[in-house]
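Report on one structure; see the data block that follows.
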Amino acid sequence: MGNGPAPPIPRLGIGPYNWNTECLRGDAEAPGWATAFPQALGLAAAFSPELIYRVANATATEVRAKHNDFTASGHYDDHTGLSCFSPVLNIMRHPLWGRNQETYGEDTFLSGELARSFVQGLQGQHPRYIKASAGCKHFSVHGGPENIPVSRLSFDAKVLERDWHTTFLPQFQACVRAGSYSFMCSYNRINGVPACANKKLLTDILRGEWGFEGYVVSDEGALELIMLGHHYTRTFLETAVASMDAGCNLELSYGMRKNVFMHIPQALAMGNITLQMLRDRVRPLFYTRMRLGEFDPPEAAVKSFVLLKNVRGTLPLRARDLRGQRLAVVGPFADNPRVLFGDYAPVPEPRYIYTPCGGGLPGDRDRCGD
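At position 92 of the sequence shown the residue is numbered 92 (the UniProt record's numbering), and the sequence of numbers has no breaks.
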């Protein structure tokens, strides 16, 4: 993913998709303008879950609107998708950590309450679709300060089970209960095991104890750092196997030419991972895209068509039956988009307009008669 959007699969009619979007306090870093809300720590000071809900919901509306515009014009760059790396649920433990401002503060209970509101506000309340998908991060025991050379990129968080389960995990469990579609595993180790290769964290706790059914994405470069920073593995192939087996679904890479998950085909061929494991890791990704409505036709436009009369079973037309045949589109408005849009209608850019005569394929309009 760090090397660009997920590629299309033309034979299945699946287009490209970019998983990298930031929504912590508005539609951050996406091209164009967006509403800028206060930083998360400031919002937490209001002690208002209802306010957090409204902020997240407004953010999702803008993310969705801009995404529709980006995809209509074929743009799939970073920050154009609907999958948000938000909220940030790390506990503020040291005043010198530079990312304290992104958190909801030092109280685990408050962080959990605000996390629930953020997730529900961002994803919306529709029974079938979500406006944007939430991604709770950084999972887990992640914080500062950044004491180079031992930073969060190579730090081993030594944490007691009691502290882990009472301080660092409850707000993330609140995310699961709120229905979050994704989690982001963090850079650091937890008691010797990197978070993104930590099966106890990603499988036993997250999925086993809490019942999470979504996907886990690595922090940017976290999989590479399993080997390069923590020296936990010796090769990227070994790293791919360890992280997949632990429960990581998606890699956010630094943008290396051949990142860690590019070694999955080799691992599969060698028998280090199974096809079933690969299917299990991919399934939540496409389920999320389905719930985002990517594969559904425009509902209002489709449902507005009404068949009044079907003489001799003429309809539906089948492409295979029309080969070599001629199809008549009759009427003075057949190629008049302004009239077809009707009264008080917003008019899209001409490149997005298709008429019955003009069709949607190159050369269609050339075949229209007078």
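All residues carry an ideal CB built from backbone N, CA and C; glycine is no exception.
- Taking C-beta separations shorter than 7 Å and ignoring five residues to either side along the sequence, the partners of P284 in its chain run E213, G214, Y215, N249, following chain order.
- Within its own chain, the residues whose Cβ lies closer than 6 Å to the Cβ of A115, once the five positions on either side in sequence are excluded, are P87, L89, Q171, A174, C175, listed in chain order.
- Every beta strand (DSSP E) stretch that sits fully inside the stretch 141-200 and reaches 3 residues is listed by chain position as 182-185.
- With a threshold of 16 other beta carbon atoms within 10 Å, T35 falls short and is exposed.
- In this chain, the beta strand (DSSP E) harbouring G135 covers 135-139.
- Under the criterion of beta carbons closer than 8 Å, L237 and Q276 do not qualify as touching, at roughly 19 Å.
- Comparing C-alpha distances from F85 to each of I190, E29, T355, A345 shows the shortest one belongs to E29.
- Inter-residue distance for E161 and I148 is about 27 Å (C-alpha atoms, whole angstroms).
- In the three-state DSSP reduction, I9 falls in the strand class (E or B).
- In terms of CA proximity to E22, E220 leads the group E220, T166, L315, D204.
- The closest CA to that of V329, considering only T167, W210, G358, C185, is found on G358.
- Restricting attention to R189, S180, I353, the CA atom closest to the CA of S154 is found in R189.
- Under the three-state reduction of DSSP output, V330 falls in the coil class, being neither helix nor strand.
- The Cβ atoms of A134 and F118 sit closer than 8 Å to each other.
- For the 8 Å CB-CB criterion, H263 and A242 do not form a contact.
- Annotation: the continuous beta strand (DSSP E) that includes Y215 extends over 215-218.
- Within the DSSP secondary-structure output, L250 pairs in a beta bridge with V217.
- Within the same chain, and ignoring the five residues on either side of H126 in sequence, no residue has its Cβ closer than 8 Å to its Cβ.
- For the pair of segments examined, the stretch 180-188 was found to touch the stretch 137-151: the number of CB pairs separated by less than 8 Å reaches three.
- Apart from the 5 residues on each side of it in sequence, N191 sits with its Cβ closer than 7 Å to the Cβ of K158, V159 in its chain, given in chain order.
- Listed as beta-bridge partners of S83 by DSSP are S133.
- For Y17, there is no enclosing alpha helix (DSSP H), as DSSP marks it with neither H nor E.
- One thing to note: L340 has its Cβ within 8 Å of the Cβ of F333.
- In this structure, H230 sits near P194, with a CB-CB distance shorter than 8 Å.
- Taking 4 residues as the minimum length, the alpha helix (DSSP H) runs contained wholly in the stretch 91-134 are 108-123, in order along the chain.
- Collapsing the DSSP output to three states places L24 in a strand.
- Relative to R64, the option among T233, Y53, Q123, G271 whose CA is nearest is Q123.
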